[in-house]
Structures are given as structure tokens and as C-alpha cells.
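A short worksheet on the structure shown next.
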Amino acid sequence: MNRFYPSLFVAIFLLSCQLETPPFAQQEGIDKSRQTAITYAIEQISNSVVGINVTQLKQQQVNPFFDPFWGGFFPYTRTFKVDNMGSGVLVSPDGYIITNTHVVDNATEIVVTLRGGKSYEAQLVGMDNLTDIALVKVDDSDLPFANLGNSDELIVGEWAIALGNPLGLFDVNHQPTATAGIISGVKMDFGLKESGHVYQNMIQTDAAINPGNSGGPLVNALGEVIGINTFIMTGSNYSSGSIGIGFAIPINRVKEVAEDLKKFGKVERSYTTGVHVQAIDPVMQRYLRLPTSEGVIITDVEKRSSGERAGLQIGDVILAVDNRKINSPKDIIRVIDEGLHKVGDNVTLTILRESNSIDIQLTLEEPKSKWWGF
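Counting from 494, one number per residue, gives the positions in the sequence shown under the working numbering.
Structure follows, in C-alpha cells:
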């Protein structure tokens, strides 16, 4: 029995030695745990993220009644310079950078700063106000650039990392700030804004986005750009900070717009159809014996126009455009704008003709004269 106790103590000692993790093994485990999908994504994208500082010309209506010097009796416009900031992402080794239109609009000077602090004076290649996408360029080569993903394959709940220049912090240490969250929602439609921007099919994220993040990339766990951070909801007129509701333009749309900006300096959205329309009021409805006052009536179709080739006729009533009901000429313009259509695109018109409803494909053509129709 006495021999049993020494043997038991030896067994317990040996077992404790086996269970104890050496300090170096613990450290190795902690080091590995620090490397996550998020850190990998940030490492992949950071070198291609830039800070943007611009000097912009702004205009303000001034009422002379409130002018202490009574400079005149009529309202006038005052032009002044303001400094603005934003973010961008390099998309090619020769210096093309994607950002938001509202970051560089009316800019007299655009300064781009790369990670590490090297700065360039950038040139505006083009911008599309409707989509709020702009393309600028710096004169250099062999620059780091981002991999662009596929925003059609997003999964709600997957990682989302926002990088950029919030509140001008890029100037503090010359590298982008990163925040992480998830894809909170997709296909968020906000329609046409007073600014003239159309925010359709937007990506929602709870990754913190703040003033200065506009134009920067939203990336997935692979470090691929899936969107361009554009605006936030603050929930208050008195606060401009993030409350976890940010929105990004899907990268697939950005690619299309950027390609046109690179080739042509703009996206051609001035179109014609040769079709002239008028809203239907009760008097017109009774006079023409129309079965409905909804929609608009075609009053003229120009010769050799896309409207004529589509088979549209005077007296046809347009009830809907792309399956969206319309009741005025302005409704047609709004629906086409919100569809982000451009010259060469087709829209579907739902037509009422002699009590029959038919769908007609209408092509948006480049204007050839001032007599343009809608």
C-alpha cells in the first residue's frame, strides 16, 4: 500500500506536465488569433486607398435686406471657396481613382494622398452626377490598385470593411482608417434626390461611415471592392456622425460608369425619343372619350425617330414606363432617370390603344436637334 502513493504522485506530476501549455505555445496561439479575415482584407486593400482634399467653388444666394452694408436692392449670388475632403480608391496602376461626384464637384484643385504620405495633384477625368460617381487621375505608374469584386453575389451578413479618410484622419498618419461590420441589406432604393443623384440598388452596412469616407471602398473578406461608400443616415438633423446605417454604391454599377468616364469623360444621358406627350385632365378625357385619366397621351411622334420606329402613334396613352405608373411628362423623366438609363438603352412602355394594353420597347437615342420630345 505504501508503494502506491509514490506511484500516484509521479503519475499526477507527469499528467500535469502534459496538460501545461508552454508559454511560447500560448504566444503562438494568440498571434494566430490576431490574424483574421478582417485583417487580411485590410492588408489587401490599404495600399490602394487614398485621401482626397479639394478646394471647391460654392455659390450662395444673398438677400441684401440682411446685408449690413446694404450692397444693393436685389438678391445676388456670392461665390466663395471652401475646403472639402473625401476618399478614393486606385483601380489601375497608371493612376485612375474612383470617388464620389459630390467629393470633387466644382473643384478648382484636387490633391490625392497615398498611403505613406506621397501627394499628387489630380485631374478630373469625368463625373456622372446621376450616379454620384467620379473618376480622377494622378500622373504616375506602377501604383498599387484594388481588386474589384462582384456586387451581384453579396450575402447579407457577410463581413464588410469600410476604409477611407473620415474627418480628415488620413492626414494624421498617412494611412486609411478601417471600420468593420456586415452587409446589413442589399437592393436599397432611394430614388432621385434634390441633389440630382439617384441612389438605387444600394448596399447597406453597419460598418461605421463618417464625413470624409465618401468615395472610399467597401470591401469583403477577400479584400475585394464591393461598393463605394457614399452616404449615411444619422437619425437627427443635429448630428452628422455614424449610427451604423451607411450606404455604398454597388461596384458593378461603378465599373460601368467608370468605363464610360474613362472613354468619353461623361455618361451620355441626354436622349431623345421623338415622342411628345401631355397629361390627361378630365376635360381631355371626356372630349377624347378615353377610358381613363391615368397616364399621358401622345400628341406627336417625330418622323424618323425611335418613337416612330417603335410603332407609337398619336393618341396612344402611356400608362407605365418600365412597369412604373406615370401620370405626367415629369414622371416619365423621373422613371428613366431612376433607372439610370443612358443613350442606347431600351425602356418598356405600357400603352393603351383602342382599349387594348400593349408593351412596346422604345430606344433612347442621342439628340439630333432641340426638338427632342421626352
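All C-beta atoms in this analysis are idealised placements derived from N, C-alpha and C, irrespective of residue type, glycine included. Quick caveat, the model's predicted, so the values are computed rather than measured.
Secondary structure of residue i, DSSP reduced to three states
i    : result
K823 : helix
R817 : strand
G642 : coil
L855 : strand
L617 : strand
F757 : helix
W563 : The predicted position of W563 is uncertain, since its pLDDT is 47 and thus under 50; no value can be drawn from it.
T785 : coil
F683 : coil
Q806 : coil
L842 : strand
Y764 : coil
L715 : coil
G720 : strand
L550 : strand
S799 : helix
K611 : coil
P704 : coil
G661 : helix
Q771 : strand
K748 : helix
E536 : helix
S541 : helix
Q528 : coil
M777 : helix
N666 : helix
V604 : strand
Whole-angstrom C-beta distance between residue j and residue i, which should lie under 8 Å
i    : j    : result
E651 : I626 : So it is not a contact: roughly 24 Å between Cβ atoms.
N722 : G739 : 6 Å
L855 : A772 : The Cβ separation is near 19 Å, so there is no contact.
V597 : Y613 : No, V597 and Y613 are not in contact; Cβ-Cβ is about 14 Å, not under 8 Å.
I869 : G788 : Look at the range of the chain in this structure, 494 to 867, and you will see that residue 869 is not part of it.
Residue i to residue j span [Cα, whole Å]
i    : j    : result
G689 : V618 : 20 Å
G708 : R846 : 47 Å
I851 : G800 : 15 Å
V629 : S585 : 11 Å
Q778 : H834 : 31 Å
V712 : D699 : 13 Å
I719 : D621 : 19 Å
F562 : K755 : With a pLDDT of only 48 at F562, under 50, the local geometry of the prediction cannot be trusted, and the value read off the model is given with reservation. Their backbone Cα atoms lie some 48 Å apart in a straight line.
L641 : I744 : 7 Å
F757 : I725 : 30 Å
N643 : A671 : 21 Å
I807 : V691 : 32 Å
Q697 : A639 : 21 Å
V605 : I538 : 17 Å
Q616 : V547 : 11 Å
E687 : D824 : 15 Å
G581 : Q693 : 21 Å
K861 : V665 : 52 Å
H667 : T727 : 27 Å
S602 : K611 : Looking at the sequence shown, residue 602 is not Ser but Glu. Going from the Cα of E602 to the Cα of K611 covers about 17 Å.
N839 : L857 : 6 Å
A741 : S798 : 38 Å
A534 : E749 : 24 Å
D682 : I790 : 29 Å
I829 : D645 : 22 Å
T841 : P822 : 15 Å
V747 : P659 : 21 Å
A653 : A673 : 6 Å
K633 : R817 : First, the amino acid is wrong: residue 633 is Asp here, not Lys. Rounded to whole angstroms, D633 to R817 spans 47 Å at the Cα level.
P784 : I853 : 20 Å
Nearest candidate by alpha-carbon position, reference residue i, set the options
i    : options                   : result
G832 : G705, S850, G684 and I811 : G684
N706 : A655, D699, N820 and K680 : A655
M578 : F740, F663, H667 and V840 : F663
T529 : I738, G716 and M777       : G716
N532 : R746, L623, A714 and P860 : Rather than Asn, the amino acid found at residue 532 in this sequence is Thr. Nearest option by C-alpha distance: A714.
I648 : V596, I844, V750 and K680 : K680
N703 : N694, K748 and G657       : G657
T624 : T601, D753, R802 and S526 : D753
H595 : P669, E614 and L550       : L550
P637 : R608, A653, P784 and S821 : R608
T843 : E859, G837 and L805       : L805
V836 : D830, R817, S821 and E859 : E859
S848 : P659, L781, A600 and R527 : L781
A751 : R527, E536 and L583       : L583
P669 : S526, R527 and E536       : E536
Any non-hydrogen atom of the ligand FMN within 8 Å of residue i CB
i    : result
F683 : Here there are no bound small molecules, and the ligand FMN is not part of this structure.
Minimum Cβ-Cβ distance from residue i to chain C less than 9 Å
i    : result
G610 : Any reference to chain C falls outside this structure, which holds one protein chain only.
**Message:** If contact is defined by three or more beta carbon pairs under 8 Å, each pair taking one atom from either stretch, is the segment 756–763 in contact with the segment 807–818?
**Reply:** No, they do not touch.
**Request:** May I ask you to verify whether the segment 766–775 touches the segment 793–805, counting CB pairs closer than 8 Å and requiring at least 3?
**Result:** yes
**Message:** Three or more C-beta pairs under 8 Å: does that hold for the segment 532–549 against the segment 574–590?
**Reply:** Yes, since at least three Cβ pairs between the segment 532–549 and the segment 574–590 fall closer than 8 Å, the two stretches touch.
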